[in-house]
Structure formats: C-alpha cells, structure tokens
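Please read the structure below before turning to the comments.
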Amino acid sequence: MTTIALFASGSGSNTENIIQYFAGRPDVRFLVLCNKPEAVVLQRAARLQVPAVVFNRQDFYGSATVLGELVARSVDLIVLAGFLWLVPANLVKAYPHKIINIHPSLLPKFGGQGMYGNKVHQAVLAAGEAESGITIHYVDEQYDEGRIILQARCPVLPHDTADSLAARIHALEYAHYPLVIQQLIE
Ligand code: GRF
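Counted the way our numbering counts, the sequence shown spans residues 3 to 188.
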C-alpha cells in the first residue's frame, strides 16, 4: 500500500485529478490536508470519499500535529497542489526527497513568495513572455527552489488573459502531475 498526502489550500482541481487518475489502483490511497476550512478542495475530498484533515498555523508551525498525522497514516509521499504555506523544516527533514510541488511557471522565472495563482500568469503576461509552463520539483525549505523533476511548456498567445493562460497551464498540470507521482511511487 502506498499512501499519498495531498496538501491544498483552495480549489483543489489538481488534487481531484490526481485522485481520479489513481482510481483503479486499490494499492494507492490518499489523505487530503488543508489549511482552510472553507476551501473547495474539502468538498471534493468528501465527494471522492477521501479522508481529509484541516489544520491551522499552530498545528503546522508550532507543534508536531501535522507530522503526527502523516506518520500515523504511514504517508509515503507528500504532494503539494496549490498549497500556499511554506513547508516547515520538521516536515522537510522527516520526508527527504518525498515532498513535491507543482508551480505554474517555468521556474526559476516567476517563482518565490507571493507568486501563486493568477499573480504568476499576470506577471508572465506583463513581462511579454512568448512561453510559459509548469515546473514539478522537490520541496526544500525555500519557496520554489528544490531540484526540478519536470518542466513542460506552452505558448503564451497574443490575446491571452491571466485566465486563458491559467486554463492552458492547468491542462499541462493535469496531464503531467499524476504521471510524475506514478513514477515516484513505483
Ligand atoms: C495550480 O496552478 C498550481 O500550479 C498552483 O496552484 C494552482 C492550484 O490549482 N500551485 P488547483 O487548486 O489544483 O485547482
């Protein structure tokens, strides 16, 4: 049995896509962890009948509560998918090379603190970039700086808005993130 912890803060469309991708794999189970009680990802987890844990800052940064959950459920791999908090050192140390993230740009461009969601795509458009893409990378104690596992590219089109670019980027994410996860657990 492989247990994957999915951390998300918002919509969780990647989280749902990953869970659906592994639906035919009874040997892979999931746990959703979320720092926002009102996040849509929790509705998705409930609909998909995946257990979910909601935690706050104290749980995450001021205690071993979240680490305790992961250990108690024998988590093998931690997948960040639209999770906005910096992962604390105790988790990075406990799961060396077992935490991955997806970022909606070609890192190191348009990464770092505060660069998330449509802010990334707006910055890409403002810079006049001809292409953008996704980066899947290991997580260390800095934002968006761990070793890159995979990048995939797409064009930025002349009439793109942040939303139209985001849709193209999401399609890349849905295609690639489950495959990278599959490779890492096999
Ligand atoms: C994705 O674009 C991901 O790259 C970024 O946050 C977004 C999350 O989208 N880190 P969703 O919540 O999975 O829909």
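The beta-carbon is built from N, C-alpha and C at its ideal position, and this holds for glycine as well. Remember, it's a predicted structure, so these values are computed and weren't measured experimentally.
Assignment of beta strand (DSSP E) within the region 79-164, counting only whole runs of 3 or more residues, yields 79-82, 101-105, 133-140, 150-157 in chain order. Following the DSSP letters along the chain, one finds Arg27 in no alpha helix (DSSP H), marked with neither H nor E. By the C-beta criterion, the region 23-34 is judged not to be in contact with the region 63-70, since fewer than 3 inter-stretch pairs fall below 8 angstroms.
When DSSP reads this structure, Thr4 sits in a beta bridge with Val30. Around the Cβ of Gly130, a 10 Å sphere holds fewer than 16 other Cβ atoms; the residue is exposed. In the DSSP annotation of this structure, the continuous segment of the alpha helix (DSSP H) that includes Val68 starts and ends at 67-74.
Three or more beta-carbon pairs separated by less than 8 angstroms are not found between the region 84-93 and the region 46-58, which leaves the two stretches without contact.
Sorting Thr137, Phe32, Asn103, Leu44 by C-alpha distance to the C-alpha of Gly12 places Leu44 at the top.
Bounds of any alpha helix (DSSP H) do not take in Ala54; it lies within the beta strand (DSSP E) bounded by 54-56.
Using a 10 angstroms sphere on the CB of Glu175, the tally of other CB atoms reaches 16 or more, which defines it as buried. Per DSSP, reduced to three states, the secondary structure at Ala41 is coil, with no helix or strand assignment.
Boundaries of the alpha helix (DSSP H) around Gln60: 59-63. In terms of side-chain proximity, the C-beta atom of Ala54 is found no nearer than 7 angstroms to any non-hydrogen atom of ligand 1. Less than 8 angstroms separates the beta-carbon of Phe32 from that of Ile21.
Taking 8 angstroms as the cut-off, the Cβ atoms of Asn120 and Ala168 count as close. Across the structure, Val141 and Arg149 are spaced so that their CA atoms are roughly 8 angstroms apart.
In this structure, the beta-carbon distance from Ile80 to Ser134 does not fall below 8 angstroms. Listed as beta-bridge partners of Leu50 by DSSP are no residues whatsoever.
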